[in-house]
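Colleague:
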Amino acid sequence: MTSRTGFYPNMVALRTLLHKEIMRFMRIWSQTLLPPAITMGLYFIIFGKFIGSQIRMIDGYTYIQYIVPGLVMMSIMTNAYANTASSFFLTKFNKSIEEMVVSPMSNFIMLLGFMMGGTVRGIMVGAIVVLIALLFTSVPIYHAGIVIIMAVLAAMVFSLGGLINAVFAKRFDDISFIPTFVLTPLTYLGGVFYSIKQLPPMWRSISVFNPILNMVDTFRYGLLGVSDLNIYWGFGLVSVLFILMFFWAWILLHKGIGIKV
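Residue 116 in the working numbering sits at position 109 of the sequence shown, with consecutive numbering throughout.
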């Protein structure tokens, strides 16, 4: 068995890359972990306390309790995406990606390393947001397994999305285009701050195909035990999205698109 395909060398490469990715955002925690915590704290104060106190209960929960799952999931998704997008683009920008490409590290291991790094940051920020939420309200957990699985699955999907964005990006501005014009609208239309039962029938039917809504709704079911959609549909849709994006990212790395000149 060659060193390129050997199990042990690949595991060493994966552990090294993952360690590098984690240390990268931990060294600058004041820029990667603190800002999302402050932002979500403001969301809880403004939307949860000030505005939420004037909104009726939704599915038996106060408004601030109802938006907790959505805000946690939003923080997981945005931070997982941002971590991989910025890390991979900077690796391209400073030319260190070329050293990784010519090394014995396989494209599969490279993909896993970057994806897992973004996933770890997303989950860490999500856990911090949960702790902040506990300062304002109680957060029951009805199905811990669903909470963990959907949080990890969503973080991996958005981590892959960040990597794909970084592959095609040619300038720093390019890595903010998709989050600004695609992800942000889908997130705010993803049931973070409202129940889709409040929408007109046509928009309710369209919203079912929004993967972010399915992530938020399934995660909300895991925490609060209530949902607007079928959670099996949600798991199925997000799982298919993960598989498609994983293979898309692997093909991009395998072909050297955006990397090889």
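Backbone N, C-alpha and C fix where the C-beta goes; we use that ideal spot for every residue, glycine too. None of these values were measured; they are calculated from a predicted model.
Rounded to the nearest angstrom, what separates His26 and Ala87 at their Cα positions?
Modeller: Residue numbering aside, residue 26 sits at position 19 when the sequence shown is read from its first letter. Residue numbering aside, residue 87 sits at position 80 when the sequence shown is read from its first letter. Cα-Cα distance, rounded: 16 Å.
Colleague: Going by DSSP, name the residue or residues bridged to Tyr50.
Modeller: Numbered from its first residue, the sequence shown carries residue 50 at position 43. BP columns for Tyr50 are empty, so no partner.
Colleague: Rounded to whole angstroms, what is the Cα-Cα separation between Phe165 and Ile156?
Modeller: Position 158 of the sequence shown, counted from the start, is the residue given in the question as residue 165. Position 149 of the sequence shown, counted from the start, is the residue given in the question as residue 156. Taking the straight line joining both Cα atoms gives about 14 Å.
Colleague: How would you label Gln61, buried or exposed, when you count the other beta carbons within 10 angstroms and need 16 or more for buried?
Modeller: Taking the sequence shown and counting its residues from 1, one reaches residue 61 at position 54. Under a 10 Å Cβ-count criterion, Gln61 is classified as exposed, with fewer than 16 other Cβ atoms of the shown protein chains found around its own Cβ.
Colleague: Apply the 10 Å Cβ neighbour rule to Ser212 and answer buried if 16 or more other Cβ atoms are within range, or exposed otherwise.
Modeller: Start at 1 with the first residue of the sequence shown, and residue 212 comes out as number 205. With fewer than 16 other Cβ atoms within 10 Å, it is exposed.
Colleague: By the 10 Å Cβ neighbour count, where 16 or more other Cβ atoms means buried, how is Tyr15 classified, buried or exposed?
Modeller: Taking the sequence shown and counting its residues from 1, the one referred to as residue 15 is at position 8. Under the 10 Å beta carbon count, Tyr15 is surrounded by fewer than 16 other beta carbons and is classified as exposed.
Colleague: Return yes when the Cβ of Gly125 is within less than 8 Å of the Cβ of Thr91, no when it is not.
Modeller: For the purposes of this step, residue 91 is identified with residue 84 of the sequence shown, where counting begins at 1. For the purposes of this step, residue 125 is identified with residue 118 of the sequence shown, where counting begins at 1. Closer than 8 Å, so yes.
Colleague: Okay, do the segment 125-134 and the segment 72-85 touch, 3+ Cβ pairs below 8 Å being the bar?
Modeller: Verdict: yes, contact present.
Colleague: In whole angstroms, give me the CA-to-CA distance for Tyr50 and Asp235.
Modeller: Here residue 50 is taken as the residue at index 43 of the sequence shown, counted from 1. Here residue 235 is taken as the residue at index 228 of the sequence shown, counted from 1. Their backbone Cα atoms lie some 22 Å apart in a straight line.
Colleague: For Asn217 versus Gly243, is the C-beta spacing smaller than 8 Å?
Modeller: One-based indexing of the sequence shown puts residue 217 at position 210. One-based indexing of the sequence shown puts residue 243 at position 236. No, the Cβ-Cβ distance between Asn217 and Gly243 is not below 8 Å.
Colleague: Hey, how far is the Cα of Leu270 from the Cα of Asn101?
Modeller: Missing from the structure shown is residue 270; the chain here goes from 8 to 268 and no further.
Colleague: Would the beta-carbon of Trp255 fall within 8 Å of that of Ile182?
Modeller: Position 248 of the sequence shown holds residue 255. Position 175 of the sequence shown holds residue 182. Cβ atoms of Trp255 and Ile182: not closer than 8 Å.
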